[in-house]
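Peer 1:
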Ligand SMILES: [Zn+2]
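Numbering (the working numbering), first residue to last: 61 to 314.
1) Would you mind sorting residue 223 into buried or exposed? The rule is 16 or more other CB atoms within 10 Å of its CB.
2) For residue 116, which three-state DSSP category applies?
3) Name the DSSP beta bridge partners of residue 266, please?
4) For the 8 Å Cβ check, are there 3 or more pairs between the segment 143 to 160 and the segment 104 to 122?
5) Under 8 Å, do residue 183 and residue 311 count as touching if we go by C-beta distance?
6) Tell me which residue opens and which closes the alpha helix (DSSP H) that residue 91 is part of.
7) Could you spell out the range, first to last residue, of the beta strand (DSSP E) harbouring residue 175?
8) Pick out every residue whose C-beta is nearer than 6 Å to a heavy atom of ligand 1: which are they, in chain order?
9) Alpha carbon to alpha carbon, what distance is there between residue 129 and residue 238?
10) Which stretch, first to last residue, makes up the beta strand (DSSP E) that contains residue 197?
11) So the beta strand (DSSP E) residue 127 belongs to, where does it begin and stop?
12) Alpha carbon to alpha carbon, how far is residue 283 from residue 76?
13) With a threshold of 8 Å on Cβ separation, who are the neighbours of residue 160 within its own chain once the five nearest residues in sequence on each side are excluded?
14) Pick helix, strand or coil for residue 295, following the three-state DSSP scheme.
15) In or out: residue 168 buried (at least 16 other Cβ within 10 Å) or exposed?
16) Residue 216 lies in the alpha helix (DSSP H); which residues open and close that run?
17) On the DSSP letters alone, give me the boundaries of the beta strand (DSSP E) that residue 309 sits inside.
18) Does DSSP put residue 150 in a helix, in a strand, or in coil?
19) Apart from the five residues on each side of it in sequence, which residues of its chain come closer than 7 Å, Cβ to Cβ, to residue 202?
20) Flag this pair as touching only if the segment 199 to 219 and the segment 251 to 271 have three or more C-beta atom pairs under 8 Å; answer yes or no.
21) On a Cα-Cα basis, can you pick out the residue from 114, 314, 158, 302 that is closest to residue 293?
22) Please return the same chain residues whose Cβ sits closer than 8 Å to the Cβ of residue 287, not counting the five positions on each side in sequence.
23) Mapping the DSSP letters down to three states, classify residue 223 as helix, strand or coil.
24) Specify, as a first and last residue, the run of the alpha helix (DSSP H) that residue 100 falls within.
In structure tokens form, the structure reads like this:
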């Protein structure tokens, strides 16, 4: 159901097509009403599966309000819609709309503000070889494996040095400053915990302080970022969400 008519009209940023105001307002209303058929009809048909899992909303919604429409350089229009749940909590989704032959359709959706996902599998591997790295994150340090006798940096962690075959391995803390060796932007909610955090960017960061070894992590500020190979990044440690969980290493464009 719509919120009271006394609310402000939506803010319009840039040249927003007039018909899209009513379309986005109605979209918010059908989502809030739990009208799945009408919601799906607004989705771009070839992305329905992806869009269904891309955003996270509370179970019982009571109202919606279109806050803002923003014209974007790529011809899409972003709609920011706030949903209010039965318990009074509020959630804002940003849907991006595209004009197709059959009309305006949602081509992307996500929760805002953009937050990086916490991957459920974060933590030491079953064989425990990388446990000192994770313990390091708990201690606020980025630790990378290194052979004591020959000084070779090792990543991913190994039971022995691949160069000199020594078992005498150490875990020094390194400066988490590096450059992007490779990256990818994920739009698909491949697992449930990714819902609401799409899209996100994962970078493979090469660390000069660790002999050029490369560590994976989610880019903190990746939504909309123009990411390039060779860009400088810096590592930050996000605290664990609960005492039995593990902190995670994130990268940030520096
Ligand atoms: Zn060695």
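Yeah, the Cβ is synthetic: ideal placement off N, Cα and C, and Gly gets one too. Predicted model only: the values in this text are computed from it and were never measured.
Peer 2: Let's see:
1) exposed
2) In this structure, residue 116 counts as coil in the three-state DSSP scheme.
3) 239, 274
4) yes
5) No, the pair does not count as a contact, with Cβ atoms beyond the cut-off.
6) 78 to 92
7) No beta strand (DSSP E) holds residue 175; DSSP gives it neither H nor E.
8) 207, 209, 210, 212, 221, 223, 224, 226
9) 37 Å
10) Taken as a continuous stretch (DSSP letters only), residue 197 belongs to no beta strand (DSSP E), being part of the alpha helix (DSSP H) at 191 to 198.
11) 121 to 131
12) 22 Å
13) 104
14) The answer is strand: DSSP assigns residue 295 an E or B state.
15) buried
16) Membership of residue 216 in any alpha helix (DSSP H) is not indicated, and neither H nor E is assigned to it by DSSP.
17) First-last of the beta strand (DSSP E) with residue 309: 308 to 313.
18) strand
19) 196, 233, 234, 236, 295, 309
20) yes
21) 314
22) 240, 243, 245, 261, 263, 279, 313
23) coil
24) Residue 100 -> alpha helix (DSSP H) spans 96 to 102.
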